[in-house]
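J.: Taken in order, the sequence shown gives residues 49 to 616; the numbers are from this note's numbering.
Even glycine gets a Cβ: it sits at the ideal position worked out from N, Cα and C.
Pasting a structure below so you can have a look.
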Amino acid sequence: MAKQQFQAESKRLLDMMINSIYTHREIFLRELISNASDAIDKRHFKSLTDASLVPEEGFEIHLSADEDARTLTISDNGIGMTKEELEHNLGTIAQSGSLAFKQENQTDDTDIIGQFGVGFYASFMVASHVKVVSKACGSEQAYIWESDGADGYTIEPGEKDSYGTDIILTIKPDPEGEDEDTYSEFLQTYRLAGLVRKYSDYIRYPIKMQMPHSQEKPKPEDAPEDYKPEYETVYTEDTLNSMIPLWKKAKKDITQDEYDEFYRSKFMDYMKPLRTIHFHNEGLTASYDALLYIPSQPPFDYYSKDFSKGLSLYTSGVMIMEKCADLLPDYFGFVRGLVDSSDLSLNISREMLQHDRQLKAIAISLEKKIRSELLKMQKDEREEYIKFWNAFGYSIKAGAYANYGADKEKLRDLMMFYSAKNEKLITLKEYREAMPEDQEEIYYAAGSSTDALSKLPQAEMVRKHDYDILYLTADIDEFIISQLESQDDKKFRSITAGDLNLSSEEEKKEAEEKSTANRAMFDAMKEALDGKVKDVRVSSRLVSDPVCLTSEGNLSIEMERVLNNVPN
Ligand code: ADP
Ligand code: MG
């Protein structure tokens, strides 16, 4: 049969496909496996009304690689393609038989992934020749479609026993230069198995391959004393994918151990997660399943610019993006996990999502969920929450401070500060609720350690009134407090700034009189301090200490120090 030409547009498209749509050539396997799975879905769907279409061996996808012949074969016992379908679906780029199938059958029951009609051509990124042998369900005759790429294809009758499709790729030769990527890796079973686990682990039909295993040979009867065991390579047919995604199972059927194990293997953390959040969200714009984890510890690079946040994104069990940053706000960047939604509008490469409504809607709902889970933990499991706060509190505080405090109200309730009275971390609400009737302001002191702060002379007067003080020990704390301004109508007030108005009229008068009486001495002291202080006077805020330093206005001494970059 004469060679058919791809349409002119198709030729250009194909060239573009091969050279630019995908950034990783390894995804060709994901695309071919997705097609195989779609084809099985279609046969499965038809078999619901025609039992004769159920294959004896069960639905499955097979991979096999032949290093000598340099071929990789992907076989499925799906619906297969007729001559016309081969022509139509593989001869026309951007023609999706799968999309047509979904439209014709008006079904949401299948998990069909295909829609753009370009995935198949990803084969040409790694193959110099592609041969498709297919026999459509119910058909007597098989057909063979073959192509070397842009200059066309042929279709001829061929032989095939059972229904389904074999895609046989002749893998390109390795380039000469040492630095070039090789193609031979796509003939190695372990590399292929790794790709299946990475991209296609949750395809719901088994993906099988003959895998080599090293096995100890049986010990001979007459083995000598110093017998050393010998090994041989045996092949077994292994299923490479785990098929049912953990997050699609019912929560009650999953143990915490399973969650932990999944976390450790997927995110390479040797520690158990601090918290697992698994839920399904039925939304107006997008429905999704999410499995999220809060790690016990920040990754070593968390607070550096090398860290990149993000959740894995799946659609119908196929991973389309390893780290989708848009799903998490920076302040929750420590959250790990994945989101699976079949409602996303993907662009043709499946690598980049169009920045669309659905993605935004999912991100907003995830943020809310994470926040409410954290608040629940803060309320019910304080000890765990403190662990969380110690690990990631800085991230929350930095988030509250960033962008001129745009997100501060969302994060306010999550924050914890050290309470002098309780000698532990408390929330701002808790401080506010425990305030005595006559307390007008929320007191805080900023310094390098709680120990240093407890020795602050100004603290004594406040404590004498039985008022609590928040000790702020991180540089960022006081900035946040000043940004938050108040808690339930009570303003924050630094005990080292300005006049606290805690002394009685009498005490004030007495102090003033003493100041006037000793003016000469104070002037001498001020002169001796040589411009380092603005004024020296008698204070009514001291109880047992002889002196204290006070700043004027709202900036505390500590904040002035941070702003001036003076070390402690
Ligand atoms: P998409 O999967 O987005 O539709 P592809 O380029 O991957 O686009 O595939 C084009 C079409 O070819 C599919 O829609 C399907 O109709 C057909 N096809 C591809 N692979 C197979 C297969 N293994 N079995 C049956 N049909 C297939
Ligand atoms: Mg496809």
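Could you tell me whether the Cβ atoms of F465 and I342 are closer together than 8 Å?
T.: No, they are not a contact pair.
J.: Taking only three categories from DSSP, how would you classify P260?
T.: Here P260 sits in strand by DSSP.
J.: Output needed for D317: all residues of its chain with C-beta closer than 7 Å, excluding positions within five of it in sequence on either side, in chain order.
T.: Once the five neighbours on either side are set aside, the close Cβ partners of D317 are Y311 and P343.
J.: Going by beta-carbon coordinates alone, are Y379 and G441 separated by less than 8 Å?
T.: Against a cut-off of 8 Å, the Cβ pair of G441 and Y379 comes out as no contact.
J.: Within the continuous beta strand (DSSP E) that includes N329, where are the two ends?
T.: Residues R323 to N329.
J.: Pull up the distance between the alpha-carbon of K574 and that of E555, whole angstroms please.
T.: Cα to Cα, K574 sits roughly 23 Å from E555.
J.: Cβ of D98 within 8 Å of Cβ of T213?
T.: Result no, Cβ atoms of D98 and T213 do not sit closer than 8 Å.
J.: Going along the chain, which unbroken runs of the alpha helix (DSSP H) with 4 or more residues stay wholly within the stretch 83–114?
T.: Counting whole runs of 4 or more residues, the stretch 83–114 contains no alpha helix (DSSP H) stretch at all.
J.: If we ignore side chains and look at the alpha-carbon of each, how far apart do T230 and K456 end up?
T.: Near 50 Å, if we compare the C-alpha coordinates of K456 and T230.
J.: Quick one: what's T202 bridged to in DSSP?
T.: According to DSSP, which records beta bridges pairwise, T202 is partnered with E194.
J.: Going straight from the alpha carbon of L407 to that of E194, what length do you get?
T.: Taking the straight line joining both Cα atoms gives about 39 Å.
J.: Alpha carbon to alpha carbon, how far is Y519 from D374?
T.: If you take the alpha carbons of Y519 and D374, they lie about 35 Å apart.
J.: Given 7 Å as the limit, tell me if D86 has its C-beta closer than that to any heavy atom belonging to the ligand ADP.
T.: Within the cutoff, so yes.
J.: Taking the alpha carbon of A117 as the point to measure from, which residue in E370, I219, N451 and Y351 has its own alpha carbon closest?
T.: When only C-alpha atoms are compared, the closest one is I219.
J.: Fully enclosed by the stretch 415–481, which alpha helix (DSSP H) runs are 4 residues long or longer?
T.: Segments of the alpha helix (DSSP H) lying fully in the stretch 415–481: 430–453 and 456–459.
J.: On the CB-based measure, 16 or more other CB atoms within 10 Å of its CB, does K405 come out buried or exposed?
T.: Correcting the residue type first, residue 405 is Arg in the shown sequence and not Lys. By the 10 Å Cβ count, R405 comes out exposed.
J.: Out of S248, L359 and S413, which one is the CA nearest neighbour of N329?
T.: The candidate whose alpha carbon is nearest that of N329 is S413.
J.: Going straight from the alpha carbon of L577 to that of N470, what length do you get?
T.: C-alpha separation (whole angstroms): 38 Å.
J.: Can you give me the Cβ contacts of Q304 inside the same chain, cut-off strictly under 8 Å, excluding the 5 residues immediately before and after it?
T.: Closer than 8 Å at Cβ, skipping near neighbours: T324.
J.: Measure the alpha-carbon distance for Y479 versus E415 and round it to whole angstroms.
T.: Looking at the two C-alpha atoms, the distance is approximately 26 Å.
J.: Any beta carbon of chain B sitting closer than 8 Å to that of N67?
T.: Given the protein chain composition of this structure (a single chain), no chain B is represented.
J.: Return yes when at least one heavy atom of the ligand ADP lies under 7 Å from the C-beta of G197, else no.
T.: No.
J.: Runs of 3 residues minimum, wholly inside the stretch 325–395: which ones carry the beta strand (DSSP E) assignment?
T.: The qualifying runs are 336–342, 359–363, 366–372 and 384–388.
J.: Is the distance from the Cβ of L240 to the Cβ of A334 below 8 Å?
T.: Not a contact, by the Cβ cut-off of 8 Å.
J.: By DSSP's criteria, V181 is part of a beta bridge. Which residues make up the other side?
T.: DSSP lists I192 and D214 as partners of V181.
J.: Run through DSSP, which three-state label would V282 get?
T.: Strand.
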